[in-house]
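J.: Pasting a structure below so you can have a look.
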Amino acid sequence: MGIGVAELLVIILIVLVIFGSNRLPALGRGIGRSIKNFREATREDEKRRD
4 MGIGVAELLV IILIVLVIFG SNRLPALGRG IGRSIKNFRE ATREDEKRRD
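Here you go:
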């Protein structure tokens, strides 16, 4: 099941309406940083377990 192209486009449209096109780049950067930090934290945790 998963998200299809149509659903993804609807989600992007809703985000644009809610946050506006001016704030979208900052929102994307923030989400990207959060994902990066999460991945680094999980890698560190895996190293500690080894």
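One gets the working numbering by counting positions in the sequence shown from 1 and adding 3 to each. From the three backbone atoms N, C-alpha and C, an ideal C-beta is built for every residue, glycine too.
Output the boundary residues of the alpha helix (DSSP H) element that contains residue 48.
T.: Looking at the DSSP string, the run of the alpha helix (DSSP H) that includes residue 48 is 8-52.
J.: Could you compute how far the alpha carbon of residue 35 sits from the alpha carbon of residue 28?
T.: Taking the straight line from one Cα to the other gives about 10 Å.
J.: Quick one, are the C-beta atoms of residue 22 and residue 11 less than 9 Å apart?
T.: Cβ atoms of residue 22 and residue 11: not closer than 9 Å.
J.: Taking the straight line between their C-alpha atoms, what separation do you get for residue 2 and residue 40?
T.: Absent from the model: residue 2. The displayed extent of the chain is 4 to 53, so no value can be given.
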